[in-house]
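So the protein sequences, as listed, match chains A and B. The numbers in the first sequence follow this note's numbering, run straight up by one, and end at 292. The numbers in the second sequence follow this note's numbering, run straight up by one, and end at 584. We treat Cβ as the ideally placed atom computed from N, Cα and C, and that holds for glycine. Note that the coordinates shown come from a computational prediction; the quantities given were computed from them, not determined experimentally. Here the structure is laid out as structure tokens; the discussion comes afterwards.
Number of protein chains: 2
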Amino acid sequence: MRTVRTVSELRAALNAPRRAQQTIALVPTMGALHDGHRALMRHAATLCDVVVVSLFVNPTQFAPGEDLDAYPRHEPRDAEIAAETGVDLLFAPATAEVYPDGFATTVTVAGELTDVLEGVSRGAEHFAAVTTVVLKLLNIVDPEIAVFGQKDAQQAAVVRRMVRDLDVAVRVEVCPTVRDGDGLALSSRNAYMSESERERALALKRALEAAEREVAGGERDAGHVAACARGEMSRLGVEPEYVELVDPQTMRPLSTLNGEALLALAARVGRTRLIDNTLLRTASSKTDSTPS
Amino acid sequence: MRTVRTVSELRAALNAPRRAQQTIALVPTMGALHDGHRALMRHAATLCDVVVVSLFVNPTQFAPGEDLDAYPRHEPRDAEIAAETGVDLLFAPATAEVYPDGFATTVTVAGELTDVLEGVSRGAEHFAAVTTVVLKLLNIVDPEIAVFGQKDAQQAAVVRRMVRDLDVAVRVEVCPTVRDGDGLALSSRNAYMSESERERALALKRALEAAEREVAGGERDAGHVAACARGEMSRLGVEPEYVELVDPQTMRPLSTLNGEALLALAARVGRTRLIDNTLLRTASSKTDSTPS
Chain A
1 MRTVRTVSEL RAALNAPRRA QQTIALVPTM GALHDGHRAL MRHAATLCDV
51 VVVSLFVNPT QFAPGEDLDA YPRHEPRDAE IAAETGVDLL FAPATAEVYP
101 DGFATTVTVA GELTDVLEGV SRGAEHFAAV TTVVLKLLNI VDPEIAVFGQ
151 KDAQQAAVVR RMVRDLDVAV RVEVCPTVRD GDGLALSSRN AYMSESERER
201 ALALKRALEA AEREVAGGER DAGHVAACAR GEMSRLGVEP EYVELVDPQT
251 MRPLSTLNGE ALLALAARVG RTRLIDNTLL RTASSKTDST PS
Chain B
293 MRTVRTVSEL RAALNAPRRA QQTIALVPTM GALHDGHRAL MRHAATLCDV
343 VVVSLFVNPT QFAPGEDLDA YPRHEPRDAE IAAETGVDLL FAPATAEVYP
393 DGFATTVTVA GELTDVLEGV SRGAEHFAAV TTVVLKLLNI VDPEIAVFGQ
443 KDAQQAAVVR RMVRDLDVAV RVEVCPTVRD GDGLALSSRN AYMSESERER
493 ALALKRALEA AEREVAGGER DAGHVAACAR GEMSRLGVEP EYVELVDPQT
543 MRPLSTLNGE ALLALAARVG RTRLIDNTLL RTASSKTDST PS
């Protein structure tokens, strides 16, 4: 595996495989790679000949006061993990390579996709920063496939929308969330937590499970399902930041479960902000809109 | 020449030439083609094997109250002109093909490039609409070269910035303004004018010439040069909307001519809004910043 730091190096490295008609996959990451990232890389390798992983802690997607400075950076270890996982190229640019002097362009997905959940909690600029840097990476690598994690479900939906709207010639693949044995969703931010916080963080997964049980038991009222998840979190000592049921494609808030619903939640455990989600599937019916 | 209406048709049509390693040029237009467009197409044909012209009156870049409905549309004639000029593919999509249901993405170049001149007159949304549609066209066609006209100097500078910022792998070419025998810059909007308005519209070119004479005579004060252009327009019965001297790359207002300066102006003649510009070149000196 080769690590490259500039756009021109990366393009040069991709010239030969592209001329040989090899397919290219991109896995965008902020580093601090864990088994969740490994799953994305492995999935990429099953789909394409060449796997490019980008490693860039994108400063613009952190709001003032968020954890930009604290965000874990372990490039040598990340490079080892990527190499072991069959990655061909690690693109680890400096900030000035991504945002040169005079940089002035932003790619924004507006509306219901971004003005809920993380868009409220982290501010409207968060997703604009994500879509801007993702589009840059797509333009630099020009991959056939780009792989994202379902853990950041809203981000994946926003990226899909941006790709469709701007006619980017790439297929977006979204891989399931990878969890520790006890159910905690893997996140680079888990490293911030003490042992007791790590224990308390399980409240997020338990809340999702409580909601899943409600739905399995026949509950279809979104407000009730969310309240149940919220109650479970509080009971386990974690105050929810948001718990919402939304359409998984549009992020539109749901009042009734009917087909697919995304239950998304966020909370702080100590100073660590965590998010998690689960897809709730119920038999789709038309009883809401058409009288039987 | 073939006319295609959908993104997938266009991509399919470009598959064979791309596989054969042929180079592709894109000339984005809003149709109502004239000799200015012909020059862009001819230039594109000298640089690339395949020339694609897009013909799309982009509704989003017209502010409310502007001339979207009146904008001249003559597709059959445009197709003839394009065919005669060696164009291979005419991409003439419907609005719904460019902006499908749920479209939510905008590409914005912020700051000094867009908050002067046309950005003030036509509103901040104007250039965002331009960069959004241009990026879409670049993603759809994936050309080696995209050709724009110097008549829309600010638009060309904004597109260049967007291309650089988003790492779009395309070379932007800008061709000189084409003028009628009497000096009037060609524009699809010239068709709006009566014969007497057409006569009065020469005031724009005369104003640029008056400024050029001032500079040739040694004048280096930007305020004085602009005032001279403004005076000439008024004298010829046209009230300027703006007359400004700016840096041709950054659009930053200039106080002194020193190197390259863009003199850009806009005015209404009757109900027709016209723009024009000229590049003023003076020997670059450092006398402003370093005492001799």
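Rounded to whole angstroms, A/T278 and A/L254 show a C-alpha spacing of 15 Å. Inclusion of A/R5 and A/A92 in the CB contact set at 8 Å is warranted, their separation being smaller than that value. With respect to the C-alpha of B/N431, the residue from A/P17, A/V170, A/A157 having the closest C-alpha is A/V170. Taking a cut-off of 8 Å for Cβ pairs, the stretch 547-563 of chain B and the stretch 494-504 of chain B touch, as three or more such pairs fall below it. In the three-state scheme derived from DSSP, where H, G and I count as helix and E and B as strand, B/R330 is classed as helix.
Annotated three-state conformation of B/N550 is coil, per DSSP.
Taking 7 Å as the cut-off between beta carbons, the residues of the stretch 162-189 of chain A near chain B are M162, D165, L166, D167, V168, A169, in sequence order. For A/E144, the closest C-alpha among the options A/C228, A/E219, A/V163, A/L274 is that of A/V163.
Scanning chain B for C-beta atoms nearer than 7 Å to the C-beta of A/T106 yields T400, A402, reported in chain order. Under the three-state reduction of DSSP output, B/D444 falls in the helix class. Straight across, the Cα-Cα distance linking B/E511 with B/N482 is about 32 Å. Going by beta carbons, B/A305 and B/C340 fall outside the 8 Å limit. With a beta-carbon spacing of about 6 Å, A/R281 and A/E260 fall inside the 8 Å limit used to define contacts. For the pair A/M193 and A/T250, the CB atoms are not nearer than the 8 Å cut-off. Listed along chain B are D459, each with a C-beta nearer than 7 Å to that of A/I140. A Cβ of chain A is located within less than 8 Å of the beta carbon of B/F395. For B/H326, same chain residues with a beta-carbon under 7 Å away, outside a window of 5 residues either side, are L478, S480 in chain order. With 16 or more other Cβ atoms inside 10 Å of its own Cβ, B/A503 counts as buried. Within the same chain, M30, A129, V133 come within 7 Å of A/N58 by CB-CB distance, once the 5 residues on both sides are set aside. Shown here, A/D78 sits in a helix according to DSSP, grouped into three states. Collapsing the DSSP output to three states places A/V159 in a helix. Just measuring C-alpha positions, the residue of A/H126, A/V215, A/S196 sitting nearest A/L236 is A/S196. Each residue's CA atom was taken as its position, placing A/V98 and A/T105 some 12 Å apart.
One Cα belongs to B/A355, the other to B/F419, and the distance between them is close to 11 Å.
If you keep only unbroken alpha helix (DSSP H) runs of at least 4 residues inside the stretch 480-515 of chain B, you get 487-492, 494-508.
Between B/A518 and B/L537 a beta carbon distance of about 6 Å is seen, short of the 8 Å cut, so the two are scored as contacting. The beta carbon of B/T406 lies closer than 7 Å to those of A416, F419, V450 in the same chain, with the five residues before and after it left out.
Scanning A/V141, A/V87, A/E84, A/T95 for the CA closest to the CA of A/S8 turns up A/V141. When the beta-carbon positions are compared, B/P468 and B/Q447 stay at least 8 Å from each other.
If you look at B/E301, you'll find it isn't in any beta strand (DSSP E); it sits in the alpha helix (DSSP H) that goes 299-311. Only exposed fits A/G102, as fewer than 16 other CB atoms lie within 10 angstroms of its CB. In the DSSP assignment, no residue is bridged to B/S413. At least one CB atom of chain B sits nearer than 8 Å to the CB of A/V7. Here the alpha carbon of A/T256 sits roughly 10 Å from the alpha carbon of A/H224. Boundaries for A/A283: no alpha helix (DSSP H) harbours it, and the DSSP string shows neither H nor E there. Interface with chain B (8 Å Cβ-Cβ cutoff): A/L89 is excluded.
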